[in-house]
Structure formats: C-alpha cells, structure tokens
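Trainee: So the sequence shown is numbered by our numbering: it starts at 1471 and just counts up by one.
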Amino acid sequence: MARPSLQEAVQEFAGSADIRSGRVHLDIPPLVENGNTVGVTVTVESPMTASDHVRRIALFNEKNPQAGVAIFHLGLRSGQAKVSTRIRLAASQTVMAVAELSDGSFWSGEAKVIVTLAACVEDLL
C-alpha cells in the first residue's frame, strides 16, 4: 500500500473543509543536524473560551514513511492552544500543522526543515 501524500493525509483529517493559512505557528528549527529527534511546538491563536476554542491539532510531514505524525485533542481546560512533542524526520521536508476550531473552521501553518543526518531512511530506500 502506497504512503498517502501530505495533501491526502490532511484531507483525511479535515474532510472536504476549506483549510485557511494562518493562526497556526510551528516552532521548529529550520536546520537540524540529526533527524532522529526534532522538537516541535505548535501554537494556535485562540482565546480558548467556550465559544471560541481549538478542538484538535494535527501534525503532518511530507516525506516520512507515514504522513500523519499526531493528533492532539484539546478542551477548554487546556488553557492555551499549544502542544509540544518530538518527531523523527526522514529527510529535509515540510512539516505542517492543521487546527480545527470550535466554529468548524480549519487553519494551517507549515515550516520547511533541512535535515543533515536523516532518520527513518530504511523505508525510503
């Protein structure tokens, strides 16, 4: 079975909804020496009130063996729309985050990362 493209993985998360660029910010180094563990923080502009909050944040990559990295579910008790994790990157690529808001809108942000020593290379050969 072929690996889904970045666009296919995003569409699986958001369905047929229009995804707008903005409100989602990725804090990830633009150049990493080792792709085995790359820290990334995703922040979404949201007041996190009952009427205006982030429901989910999904993290995707362009070239790893699996396009979907993680989906984080947030609630009002989250306090702020911010998640942090570490990921593996198989090669230099684009990392993208998509947020679903309580009004049903989807927003995205992306960052390009250059990797000098790749991780996950066994599936790319």
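Glycine included, every Cβ here is placed at the ideal spot set by N, Cα and C.
Tell me whether E1482 is buried or exposed, calling it buried when 16 or more other Cβ atoms sit within 10 Å of its Cβ.
Mentor: Along the sequence shown, one-based indexing puts residue 1482 at 12. Classification for E1482: exposed.
Trainee: Pop quiz: S1491 and S1578 are said to be a contact at Cβ under 8 Å. What is the actual Cβ separation, rounded to whole angstroms?
Mentor: By one-based count along the sequence shown, residue 1491 stands at place 21. By one-based count along the sequence shown, residue 1578 stands at place 108. With a Cβ gap of about 6 Å, S1491 and S1578 count as contacting.
Trainee: For a quick check, are the C-beta atoms of L1544 and V1512 less than 7 Å apart?
Mentor: As a position in the sequence shown, residue 1544 is number 74, starting the count at 1. As a position in the sequence shown, residue 1512 is number 42, starting the count at 1. No, these two residues do not count as a Cβ contact at 7 Å.
Trainee: By alpha-carbon positions, which one of A1540, Q1550, N1504 and Q1477 ends up nearest to D1522?
Mentor: Mapped onto the sequence shown, residue 1522 falls at position 52. D1522 has its Cα closest to that of Q1550, out of A1540, Q1550, N1504 and Q1477.
Trainee: The alpha helix (DSSP H) that contains T1580, what's its start and end?
Mentor: Counting from one through the sequence shown, the residue named residue 1580 turns up at place 110. Rather than Thr, the amino acid found at residue 1580 in this sequence is Glu. Taken as a continuous stretch (DSSP letters only), E1580 belongs to no alpha helix (DSSP H), being part of the beta strand (DSSP E) at F1576 to V1585.
Trainee: Do A1479 and G1538 have their CB atoms nearer than 7 Å?
Mentor: Walking along the sequence shown from the start, residue 1479 turns up at place 9. Walking along the sequence shown from the start, residue 1538 turns up at place 68. Result yes, Cβ atoms of A1479 and G1538 sit closer than 7 Å.
Trainee: What residue from V1510, V1494, S1475 and Q1536 has the CA that sits closest to R1556's CA?
Mentor: Mapped onto the sequence shown, residue 1556 falls at position 86. Per the Cα distances, V1510.
Trainee: Just verifying my parser: in three-state terms, what is the DSSP assignment at L1546?
Mentor: Here residue 1546 refers to the residue found at position 76 when the sequence shown is read from its first residue. Looking at L1546 - three-state DSSP - the assignment turns out to be helix.
Trainee: On the CB-based measure, 16 or more other CB atoms within 10 Å of its CB, does Q1563 come out buried or exposed?
Mentor: Position 93 of the sequence shown, counting from 1, holds the residue named residue 1563. Counting Cβ neighbours within 10 Å, Q1563 comes out buried, since at least 16 surround it.
Trainee: Once the 5 residues before and after A1472 are set aside, which same chain residues still bring their CB inside 8 Å of it?
Mentor: By one-based count along the sequence shown, residue 1472 stands at place 2. Nothing meets the Cβ criterion.
Trainee: For a test of the three-state rule: what should DSSP assign to E1478, helix, strand or coil?
Mentor: Here the question's residue 1478 lines up with position 8 in the sequence shown. E1478: helix per DSSP, three-state reduction.
Trainee: So V1583 and I1527 are in contact, right, with Cβ under 8 Å, and what is the actual spacing, rounded?
Mentor: Your numbering for residue 1583 matches position 113 in the sequence shown. Your numbering for residue 1527 matches position 57 in the sequence shown. Between I1527 and V1583 the Cβ distance is about 18 Å, and since that is not below 8 Å, they are no contact.
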